[in-house]
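Taking the working numbering, I'd label the letters of the sequence shown as residues 130 to 509.
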Amino acid sequence: MAQAEFAVTLAEKVADIAPEAWDSCAGDDNPFVSHAFLDALERSGSATARTGWLPRHLVMRDSVGKVVGCAPLYLKSHSYGEYVFDWGWADAYQRAGLAYYPKLQCAVPFTPVPGPRLMSGRPGAAAALAAALPVVARRLEVSSVHVTFARADEAELLEDHGFLRRLGYQYHWTNEGFASFDEFLGTLASRKRKQIRTERRAAAASGLTLSTLVGPEVTPRHWDAFHRMYRRTVDRKWGEAYLRREFFELLSASKLGGRVVLVWAEDDGQPVAGAFNLLGDDTLYGRTWAAARQVPFLHFEACYYRALDFAIAHGLARVEAGAQGAHKLGRGYLPTATWSAHWIAEPHFRHALSRLLGEERRAVEDEMREQAEAGPYRKG
């Protein structure tokens, strides 16, 4: 396959691409698109053909064979682990007598974190990657391509190449140069400020020992306990434990090991809960919560307030607390736009979805505006 002066191939696992070549395209800002993160997912068995995530990474080379662009791409046999929901689309497609699966997913598995998807530092390469995705889809005879949690500029570029742009939102916190958590609290309305103080006092009064472990402070014993609690937490929610135990150890042993931030709670030396985060260049990304038992307000303390403590102490610009959760709004996290882009092979279905997404976008914009206006911060 060729796109202008670039040649495009598919890699059956990220390990087939040299880490330095992949990371030269991905950059260092976002740890989730790094070679180390994707390799840990694949080598651990978390993202494989067995789990319905068959790697087919897009790799673009120039005329001398140098990797100048790449995109994390998977052949999917279901829609689990994506966080941009298309179950209704799949149902409508199949009721029309068409096969929705397999489809192509350009994303980081199980990771609702916005970041680059058409990755390159070479002029023109991102556009060539965007143009290549439908070509690959036709060659593989799949129904569609879904680029989820893309950057806004990438979603616009993909729209220029026949993709349908879809708006969503998450709750992110922005650091306005706060010197302390109390200074942040001072920006909130009185009722919200009192609520957070009450919740933090209750967590502190639980008798648990809380600590924030960074990099090598996180040991195999922590991962052993964390994974047990993670599976128990997922079981309580009738979900699926996507991440295997080996993933966490591979991650700690990789170049991303120093970016691991684990908020840890113990009761007389016995693990009670943990909140797994990864550190970007200027952002703390909240990823996974795990608990052995319920403790009042511990989830808020470990996942949200300790994350803000860490961000303020380290001068980070943002905390991104993951998908969903309107309860984050009252704790200082505001609705922030996220984008995806979708290429649909069947023209009548694509036309119908275009109208549907236009209506959906207006509704989402209204929701975001209303939530921002009703946010926790003091007015005036």
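Where is the CB? At the ideal position from N, CA and C, for every residue including glycine.
Query	Result
Simplified DSSP assignment, three categories, for G459	helix
Minimum length 3: unbroken beta strand (DSSP E) runs contained in the region 387–429	389–396, 399–408 and 412–420
Integer-rounded CB distance, given that L262 should sit under 8 angstroms from A255	Between L262 and A255 the Cβ distance is about 11 angstroms, and since that is not below 8 angstroms, they are no contact.
Presumed contact (8 angstroms Cβ cut-off) between F429 and E328, rounded CB distance	5 angstroms
Beta-bridge pairing of M248 - partner residues as DSSP gives them	C199
Cross-strand partners of I473 (DSSP beta bridge)	S273
S192 and Y230 closer than 8 angstroms at C-beta	no
Helix, strand or coil at R294 according to DSSP, with G and I counted as helix	strand
Separation of Q223 from N304, as counted between CA atoms	46 angstroms
Per DSSP, the bridge partner or partners of T240	Looking at the DSSP assignment, T240 forms no beta bridge with any residue, so it has no partner.
Distance between Y414 and D158 (C-alpha atoms, nearest Å)	12 angstroms
Contacts around A375, its chain only, beta-carbon distance under 6 angstroms, and the 5 residues preceding and following it disregarded	Note that residue 375 corresponds to Glu in the displayed sequence, not to Ala. Around E375: S173.
Extent of the continuous beta strand (DSSP E) run through R340	It is Ser, not Arg, that sits at residue 340 in the sequence shown. Counting along the chain, the beta strand (DSSP E) containing S340 begins and ends at T338 to V343.
Bridge partner(s) assigned by DSSP for R322	DSSP lists no partner for R322.
Own chain residues within Cβ distance below 8 angstroms of S469, not counting five before or after	V213, H275, V276, T277, F278, A279, A284, R294, R295 and G297
At least 3 beta-carbon pairs within less than 8 angstroms: the region 333–349 vs the region 459–475	no
Candidates E395, F377 and A394: closest to G387 by CA position	F377
Under the three-state DSSP convention, the category P148 falls into	helix
Status (buried if at least 16 other CB within 10 Å, exposed otherwise) for P464	buried
L139 versus E171 - alpha carbon distance	16 angstroms
Member of D289, H351 and A236 whose CA lies at the smallest distance from the CA of P245	A236
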